[in-house]
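Presented below is the structure to which this report refers.
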Amino acid sequence: MTDRENCRERSRIRLGALGGAMLLIAATAGPVTATAANIEAHVRSDGSPVLNAVVHATRTDGASLPRPAQPEAVMDQVGREFAPHVLPVLAGTSVRFPNSDDTRHQVYSFSEAKTFELELYHGETARPVTFGQRGVVILGCNIHDWMLGYILVLDTPAFARTGNNGTGRIADLPGGEYRVELWHPRLVDGASPEPRTISVDDGATATLRFDIDLSPPRDRGQRGFGGQDDESLDEAFSR
Amino acid sequence: MIRTHFQRKLALFFTALVAIVQLAAVIAVFEATDRNVARQVEEELATGSRVVARLLELRERQLLQSVRVLTDDFGFKRAVATGDHPTVRSALGNHAARIDADMAAVLDRDGSVRAGTRADLDQGDSFPIDALLERAIQAEEAVGFGLIGERAWQLVIVPVRAPVPVAWAVLGFAVDDALAGELAGLTQAGISFARAGEAGTRVLATSLDDPTLALPPGRSGRRQTVRTIDTDTGRQLVTSRQLAATGNSQLVAILQTPLAAALAPYAPLKRQLLLLAGLALIVTVIGAVWLARTVSRPVRQLGDAAERIAAGDYAHPVAIDRRDEFGALATAFNRMQEAVREREDRIVHQAYHDELTGLPNRSLMRDRLQLEIDRALRNGHCVAVVVLDLNRFKEINDSLGHEIGDAVLTTIGQRLRTALRASDTIARLGGDEFGAIGACADIDDAMSLARRIEHAWENPLDLGPTTLRIEKSMGVAVYPAHGDTVETLLRRADIAMYAAKGRGVPAVLYENGWDERHQYQLTLVADLREAIDGNQLTLEYQPQVGLRDGGMDHVEALLRWRHPRLGRISPAEFIPLAENAGFIRSLTRWVLGEVMRQGGQWRAEGMDLHVSVNISALDLIDDSLPDFVATTLEQHGVPPDHLTLEVTESAVMQDTAFALRVLKGLKATGVRLSIDDFGTGQSSLAQLRRLPVDELKIDKSFILDLQEISTDMSIEAIVRSAIDLGHNMGLAVVAEGVETAFSREWLIRSDCDLAQGFLFSRPLAADDFAAWVRNGGKP
């Protein structure tokens, strides 16, 4: 029992440290220039801002957007959760799976877009995984069943993930007309809303608003580590 | 028999009492047992129901845990997620085998079967248990019962996460006969699973041999109830538990126990109880019979004793040696028997003994005589019977008083007792009559008994203030010479006694013939009473002829009795009997009346006759006779001097003053008196002189002796003297028994006045006599 309490104490401390790291990554990913156009999506569900919704845009004229040569991304594991919960990447991106926890993880995916397994690893020892095919890749950890993460592999480099305020901003786009789509892991029946077409001028910011229906979140909790989980086990038995 | 009846009643009562108690006890125990068993079974069923629920719950957990293990397995997840169906199937099979699950399957998220262990779960089929699946979708996992086809299942459905749910894993146990059997083994009840709906109940699985035996679950309520149902196979207790419900149909578990099976273990107990009750009843019957006998045996003994006593046996006391009431009763009974014996002895003694003298009485004398006769018959000796009568005891009683009389009897009794041998019997027969019995060697020895009695009379009786001498008469009869019965011997001794009395001797031995004669005389006496009324008596007349003148004016009337059976009876025979029987008085009066009637008749016919007639000596104690004679004479118009009354010499000589007074009374009426049979009595001249008589009638024995050729000349002298005596005393003299001319001539020569006899005429009937007179003395 004392061991478990100690673990919990430690993980809380680590969670606070990780929040700072995420902010740093976001800042570096979208440098703001005065001439570029921006698309800002406000996603709400039942009037509440929706976190972890991904908006991505493509030019209606078919013109490709500039893409990085060696795109990379990081899907961290912090506090036995995937961080971020949803990671949109450009197809061909190499994603690293650093392990910030003191336990080993065994990350896997059986999704069609990318099936892989990372054998038990610790720290930065896991090899990066390149996601070439567009689609949704659902991540799990064979050690911690509740761990669930999504990597949304896109054809376009223009995407953004909503934060706690429900706002996702795709910045530094050349002006033009864009088709904007939205994805969220909990979309009802997996059905994305209709894509939007929007024109945006250089230096301007187009604002979109998405109202979506979401399935209620399934908080499966972290099994084996809390009284709450034990109670649910008892409930299962007493049924 | 009353005895048996009582005994049986007593035994029956106790037996019935115990039987009722036993029956009540047995019924109560059986009832209590049945009730307890029913309650026990009820509780067992309720417990069984809970056990079933708990067991199914445990199986559910087992399923759940097992399926979670399966779905948590990464390899399985991978196989499912990657569509590696062979692996999935083998994993399912492997996992199902671990817990003996009957079914395992993986469903797509939409419920279609992706892989399964059972053929009836075809790949691609939609999983049939929609309700359960729906619940799983809602709650991520579901457990419960469901139907696939006609089979019930206990199932768990959990998602396969990779890590999001990609499929459903299903694991299940069949709710089949094996399960029912297992549960039945645990609960000791018959277990059935059934689907109950509006269409009725359908049994899906059962532990019973025959599914049709499963009972309907009844209306399923929240409250678990145990119901009692009577079926063809007996009474059953049943309860049910709802396992699952969809719409209007439900899956229920039915628990049932036949009461008979539950009662079966008690059968030996009941048998033992019945056996015990039966044994107790038998013991009771034996005990009751024994008790009844114990009670009835002394009662029977007492009854037997009572009958013995009734039969006169007082010798055996009742032998009941007990300390209870029967013992007391027996003691009282014996005391009563003793008292009865004493009283009876006293009564018997009184009955057989004379109170005054203490001697045996006549009854006992008879008995003793009978005993003596019996003994003599065996031993061949004789028995002497003596009847003793005191002479003139009445006079002692009358003159000296009864006390002296009693003293005389008592003293004589004592004397007799002392005088006789111990083997002799002396008895008082009544009044002044005693009897004695003694064995004797022969008839000559018989008189020795009388002689021994004589010894008692040697001294006069000492009666305190006075002494007395009293004579007695004894008659002796001897067995077997004089008779062989008690009655005969006593009677003949009596007759002999009277003979002794008559002869004036102390003792007379009976002589054969006396009794017959006595009987004959008794017959005559009895007949004589009827003779007067029956015209059997007649008078005959014999002429008395005047010897000087040949006159025919005197006649003697003679009484004749023609007995209807015996013919003519002589007056010499029946007159003494009439005298002894006290009958002579009326006989005399009849004769006198008849004579005077005839005399009156003749007188009326012109015949002047003097009639003589005999009267008895006993007539001389009848002082009314003179009046009768006078009245009758007057009645028939007969002059008194025409009637002569003849009295025998012995009668007139017997004294007495009284007789003389009667004679004078008769004389005073004017009749003539004649002394009959003169010469036979010992009359003295002095006496003769005092008598008021007119005539002497010389006894015919003298006259008959007057023979022509006589050797004894004294007869003539006697007769002549008698004639002279009569004449000298102024009396007429009549000769009787004149049958020869010689005696007539002799009497004429001797100057006798009248003669009577066959020479002149035999006695004649009245008419013949009248004719004889008219005919001048010739027939």
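Residue numbers (this note's numbering), protein chains in the order written: chain A, 483 to 721; chain B, 550 to 1328.
Built from N, CA and C at the ideal position, the CB exists for glycine as well.
Everything numeric in this text was worked out from a predicted model, so none of it was measured.
Worksheet item: What is the residue span of the beta strand (DSSP E) that B:Y863 lies within?
Response: In the second sequence, counting from the first residue as 1, residue 863 of chain B sits at position 314. Element bounds for B:Y863: n/a, residue is neither H nor E.
Practice prompt. Examine chain B for any beta-carbon lying closer than 8 Å to the beta-carbon of A:I620, and answer yes or no.
Written response: On the first sequence, residue 620 of chain A is found 138 positions in, with the first residue counted as 1. Yes, its Cβ sits closer than 8 Å to a Cβ of chain B.
Worksheet item: How would you list, in chain order, the residues of chain A whose beta-carbon sits under 8 Å from the beta-carbon of B:D621?
Response: Translated into positions along the second sequence, residue 621 of chain B becomes position 72. By Cβ distance, chain A contributes D627.
Item to complete: Determine the contact status of A:P667 and A:F692, defining contact as a CB-CB distance below 8 Å.
Response: As a position in the first sequence, residue 667 of chain A is number 185, starting the count at 1. As a position in the first sequence, residue 692 of chain A is number 210, starting the count at 1. Their beta carbons are not under 8 Å apart, which means A:P667 does not touch A:F692 by this criterion.
Discussion item. Taking CB distances under 8 Å as the criterion, tell me whether B:I569 reaches chain A.
Written reply: Here residue 569 of chain B refers to the residue found at position 20 of the second sequence. No - not a single Cβ of chain A is within 8 Å of the one on B:I569.
Worksheet entry | Buried versus exposed call for B:F562 [16 or more other C-beta atoms within 10 Å across all chains shown] | One-based indexing of the second sequence puts residue 562 of chain B at position 13. That one is exposed.
Item to complete: Would you please verify whether the beta carbon of B:R658 is less than 8 Å from any beta carbon of chain A?
Response: Taking the second sequence and counting its residues from 1, the one referred to as residue 658 of chain B is at position 109. No, no contact with chain A.
Fill in: Three-state class that DSSP yields for B:E1060 in the structure shown
By 1-based counting over the second sequence, the position of residue 1060 of chain B is 511. Coil at B:E1060, not helix or strand.
Discussion item. Under DSSP, the beta strand (DSSP E) around B:W717 begins and ends at which residues?
Written reply: Here residue 717 of chain B is taken as the residue at index 168 of the second sequence, counted from 1. Note, B:W717: beta strand (DSSP E), P714 to V724.
Item to complete: Could you tell me the distance, in whole angstroms, from the CA atom of B:S1135 to the CA atom of B:N1129?
Response: For the purposes of this step, residue 1135 of chain B is identified with residue 586 of the second sequence, where counting begins at 1. For the purposes of this step, residue 1129 of chain B is identified with residue 580 of the second sequence, where counting begins at 1. If you take the alpha carbons of B:S1135 and B:N1129, they lie about 13 Å apart.
Worksheet item: Which chain B residues are close to A:F579, counting only those with a beta carbon under 8 Å from its beta carbon?
Response: Numbered from its first residue, the first sequence carries residue 579 of chain A at position 97. Per Cβ cutoff of 8 Å: no residues; A:F579 is ~15 Å from chain B at best.
Fill in: 7 Å Cβ shell around A:E563 - same chain, five flanking residues per side excluded
Position 81 of the first sequence, counted from the start, is the residue given in the question as residue 563 of chain A. Excluding residues within five positions, the ones whose Cβ falls inside 7 Å are M629.
Worksheet entry | Members of the stretch 589–609 of chain A that neighbour chain B once the beta carbon cut-off is set at 9 Å | Y590, S591, F592, S593, T597 and E599
Worksheet entry | chain B residues whose Cβ lies nearer than 9 Å to that of A:L630 | Residue 630 of chain A sits at position 148 when you count from the first residue of the first sequence. Correct list: R710, P712 and V713.
Practice prompt. Decide if A:P548 is buried, meaning its Cβ has at least 16 other Cβ atoms within 10 Å, or exposed.
Written response: Position 66 of the first sequence holds residue 548 of chain A. Result: exposed.
Worksheet entry | Minimum Cβ-Cβ distance from A:N520 to chain B less than 8 Å | Position 38 of the first sequence, counted from the start, is the residue given in the question as residue 520 of chain A. By this cut-off, A:N520 is not an interface position.
Discussion item. Is there a Cβ of chain B sitting closer than 8 Å to that of A:N646, yes or no?
Written reply: For the purposes of this step, residue 646 of chain A is taken as the residue at position 164 of the first sequence. No, A:N646 lies away from the interface with chain B (no Cβ there is under 8 Å from its Cβ).
Worksheet item: Comparing alpha-carbon positions, which option in B:G950, B:Y1069 and B:M1023 lies nearest B:G1051?
Response: Start at 1 with the first residue of the second sequence, and residue 1051 of chain B comes out as number 502. Comparing Cα positions, the closest option is B:M1023.
Worksheet entry | Spatially closest choice to B:G632 from B:M885, B:Q614 and B:A664, by CA coordinates | Taking the second sequence and counting its residues from 1, one reaches residue 632 of chain B at position 83. Among B:M885, B:Q614 and B:A664, the Cα nearest to that of B:G632 is on B:A664.
Practice prompt. Can you give me the start and stop residues for the alpha helix (DSSP H) that B:G809 sits inside?
Written response: Your numbering for residue 809 of chain B matches position 260 in the second sequence. Correcting the residue identity first, residue 809 of chain B is Ala in this sequence and not Gly. That run of the alpha helix (DSSP H) goes L808 to L812.
Worksheet item: Whose C-beta lies closer than 8 Å to the C-beta of B:E1003 among residues of the same chain, with five residues either side of it excluded?
Response: Working through the second sequence from its first residue, we reach residue 1003 of chain B at position 454. Cβ within range, chain order: P1055 and A1056.
Worksheet entry | B:I648 and B:L681 closer than 8 Å at C-beta | Here the question's residue 648 of chain B lines up with position 99 in the second sequence. Here the question's residue 681 of chain B lines up with position 132 in the second sequence. Going by C-beta atoms, B:I648 is not nearer than 8 Å to B:L681.
Practice prompt. Give the range of the beta strand (DSSP E) segment to which A:S591 is assigned.
Written response: For the purposes of this step, residue 591 of chain A is taken as the residue at position 109 of the first sequence. Taken as a continuous stretch (DSSP letters only), the beta strand (DSSP E) holding A:S591 covers V589 to F592.
Discussion item. Residues of chain B with CB closer than 7 Å to the CB of A:N624, please, in chain order.
Written reply: Taking the first sequence and counting its residues from 1, the one referred to as residue 624 of chain A is at position 142. Within chain B, the residues near A:N624 are F623.
Practice prompt. Look up B:I697 in the DSSP assignment and say whether it is helix, strand or coil.
Written response: Counting from 1 along the second sequence, the entry for residue 697 of chain B is found at position 148. DSSP places B:I697 in strand when its eight states are reduced to three.
Worksheet item: On the premise that B:T1197 lies in contact with B:D1225, defined as a C-beta separation below 8 Å, what is that separation, rounded to the nearest angstrom?
Response: Locating residue 1225 of chain B in the second sequence gives position 676, where the first residue counts as 1. Locating residue 1197 of chain B in the second sequence gives position 648, where the first residue counts as 1. Right, the Cβ-Cβ distance comes to about 5 Å (below 8 Å), so this counts as a contact.
Item to complete: Please name the residue in B:L1010, B:T761 and B:F1307 whose C-alpha comes closest to that of B:T1289.
Response: Numbered from its first residue, the second sequence carries residue 1289 of chain B at position 740. The shortest Cα separation from B:T1289 among B:L1010, B:T761 and B:F1307 belongs to B:F1307.
Worksheet item: For B:T959, which residues from the same chain have a beta carbon less than 7 Å from its beta carbon, with the 5 sequence-adjacent residues on both sides left out?
Response: In the second sequence, residue 959 of chain B corresponds to position 410, counting from 1. Around B:T959: L905 and T906.
Practice prompt. Report the residue from B:G739, B:A733, B:A701 and B:L1038 whose alpha carbon sits nearest the alpha carbon of B:S1353.
Written response: Here chain B comprises residues numbered 550 to 1328, so residue 1353 of chain B is not present and cannot be evaluated.
Practice prompt. Give a yes or no on whether the C-beta atoms belonging to B:L1174 and B:V1211 are separated by under 8 Å.
Written response: Counted from its first residue, the second sequence places residue 1174 of chain B at position 625. Counted from its first residue, the second sequence places residue 1211 of chain B at position 662. Against a cut-off of 8 Å, the Cβ pair of B:V1211 and B:L1174 comes out as a contact.
Discussion item. Determine whether the beta carbon atoms of B:L800 and B:F694 lie at a separation below 8 Å.
Written reply: On the second sequence, position 251 is the one that residue 800 of chain B refers to. On the second sequence, position 145 is the one that residue 694 of chain B refers to. Yes. Within cutoff.
Item to complete: Closer than 6 Å by C-beta to B:E1195: which residues in its own chain qualify, once you throw out the five before and the five after it? Chain order, please.
Response: Residue mapping note: residue 1195 of chain B aligns to position 646 of the second sequence, counting from 1. Answer for B:E1195: S1161, N1163, S1223 and D1225, listed in chain order.
Discussion item. Please tell me whether A:I652 and A:L669 are closer than 8 Å, where the distance is taken between their beta carbons.
Written reply: Position 170 of the first sequence, counted from the start, is the residue given in the question as residue 652 of chain A. Position 187 of the first sequence, counted from the start, is the residue given in the question as residue 669 of chain A. Contact: no.
Worksheet item: Can you name, in chain order, every residue of its own chain whose Cβ lies under 8 Å from the Cβ of B:G642, other than the five neighbours on each side?
Response: Walking along the second sequence from the start, residue 642 of chain B turns up at place 93. Cβ within range, chain order: A653 and T666.
Worksheet item: Quick one: what's got a C-beta closer than 6 Å to B:L918's C-beta in the same chain, skipping five residues either side?
Response: One-based indexing of the second sequence puts residue 918 of chain B at position 369. Cβ within range, chain order: I986 and V1035.
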